[in-house]
Amino acid sequence: MDKNENFYRPEGLIDLNDNGRIISYVAVGEDNDVVGHVGLIRPEPVLMAEFGLLAVSPAHRGRGLMGQLEDAIFAKAEEMNLVGLSINAVTSHPKSQKSAVKKDFVPCSIDLAACPPRMFKALVSDSVPAQRESYLHGFKYFNTPPPRTVYVPKRHHNFVHTIYSKMQQSCTFSDPTPARTPGDYKIHYDRTLQKGIITVISADERQWPEIQRVVDDMVHLAGAEVVDLDLPVSQPATTLLFDLAESAGFIFTGIRPCQAPDGDCFRLQFLSIPFDLTHIQLYPNYGEFLLEYITTLMK
Numbered sequence: 005m006d007k008n009e010n011f012y013r014p015e016g017l018i019d020l021n022d023n024g025r026i027i028s029y030v031a032v033g034e035d036n037d038v039v040g041h042v043g044l045i046r047p048e049p050v051l052m053a054e055f056g057l058l059a060v061s062p063a064h065r066g067r068g069l070m071g072q073l074e075d076a077i078f079a080k081a082e083e084m085n086l087v088g089l090s091i092n093a094v095t096s097h098p099k100s101q102k103s104a105v106k107k108d109f110v111p112c113s114i115d116l117a118a119c120p121p122r123m124f125k126a127l128v129s130d131s132v133p134a135q136r137e138s139y140l141h142g143f144k145y146f147n148t149p150p151p152r153t154v155y156v157p158k159r160h161h162n163f164v165h166t167i168y169s170k171m172q173q174s175c176t177f178s179d180p181t182p183a184r185t186p187g188d189y190k191i192h193y194d195r196t197l198q199k200g201i202i203t204v205i206s207a208d209e210r211q212w213p214e215i216q217r218v219v220d221d222m223v224h225l226a227g228a229e230v231v232d233l234d235l236p237v238s239q240p241a242t243t244l245l246f247d248l249a250e251s252a253g254f255i256f257t258g259i260r261p262c263q264a265p266d267g268d269c270f271r272l273q274f275l276s277i278p279f280d281l282t283h284i285q286l287y288p289n290y291g292e293f294l295l296e297y298i299t300t301l302m303k
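Just so we're aligned: 193 in the numbering used here is position 189 of the sequence shown, and the numbers increase by one with no gaps anywhere.
Structure, rendered in structure tokens:
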């Protein structure tokens, strides 16, 4: 069960806090009822966390609680010496992205078909068929980010450079070389989300047939509707794996900063179901370059 499902189950949220996957801040009313929540989501011991699960009871809105919760959780992230925060805003309506815009998160990827459709009461339309929900992934550094050495096919250089420039981060592109040592990766499958994730820890192009078999099993045996493939940005064999993945039908959807032990990840995605990009709605002048590029790739 994913973090969003657990958020609506008190015992699930308590368990996520107890095992350190989420740090929660809450607002409590005079009657001791919890009237607001915000969380730092950190399932892996990397130098970043996800800012999310922000909610305020309708009866207590308009009192500045949301801003106070946001300020408190940002202060907690800096106290933990995290280098930055990410945010994942739904793309079924632009309003969800206002917090990311307000807090200066830089859009750096779109997580296509990330979860089953989420129906928002005020936005349900019988004229638009439901499809899997996508997220706009943004990142915010607390200080000037370090330069990156990047290994990616030349056809994607301009796109990658644009993302890093928006984060005010310098990057240098380097030529690929075959892996010299055996690679390593880990896999995760979420049955509730019908989604698989393959995280390459050490890039090795010789492992592609093995990775491809994992993808096939996730799709054909486990019923995955989407499989994510995260590749380490700064490893020389990543370019070679990148080429193999795209040849197998994966789509490059952006960068996930500070998500790997050695830095950033490229995210590629394999969709096993029909998906209509025109359903994605973005806040004006925020992230359109990502959607335009992904649209071109999918064509």
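C-beta: ideal position from N, C-alpha, C; glycine also.
| Query | Result |
| --- | --- |
| Can you list the beta strand (DSSP E) stretches of 3 or more residues lying completely in the segment 100-183, in chain order? | 110-119, 137-145, 152-154 and 175-177 |
| Go through its chain and collect everything with a Cβ distance to G253's Cβ below 6 Å, but skip five positions before and after it. | F274 |
| Of all the options V110, V50, P157 and T166, which has the alpha carbon lying nearest to the alpha carbon of T181? | P157 |
| Which two residues bound the contiguous alpha helix (DSSP H) that contains T300? | E292 to M302 |
| Comparing alpha-carbon positions, which option in V105, L57 and D108 lies nearest N21? | L57 |
| Quick one: residues in its chain with C-beta nearer than 7 Å to the C-beta of P265, no 5 flanking neighbours on either side, listed in chain order? | V50 |
| Is the CB-CB distance between A93 and A104 below 7 Å? | yes |
| Looking only at its own chain, which residues have a Cβ that is under 7 Å from the Cβ of L73, when we skip the five neighbours before and after it? | Y29, A31, G40, V42 and L58 |
| What is the C-beta distance between D208 and G187, in whole angstroms, given that I count them as a contact (C-beta under 8 Å)? | 2 Å |
| Terminal residues of the continuous beta strand (DSSP E) containing Q273? | G267 to L275 |
| Which residues bound the beta strand (DSSP E) around G43? | V38 to I45 |
| DSSP three-state label for T95, please. | coil |
| Reducing DSSP to helix, strand and coil, say where T257 ends up. | strand |
| Do three or more CB pairs link the segment 166-183 to the segment 191-200 at distances below 8 Å? | no |
| Measuring CA to CA, which of R136, N147 and K107 is closest to N85? | N147 |
| Among V237, D75, V110 and T299, whose alpha-carbon lies nearest the alpha-carbon of R271? | V237 |
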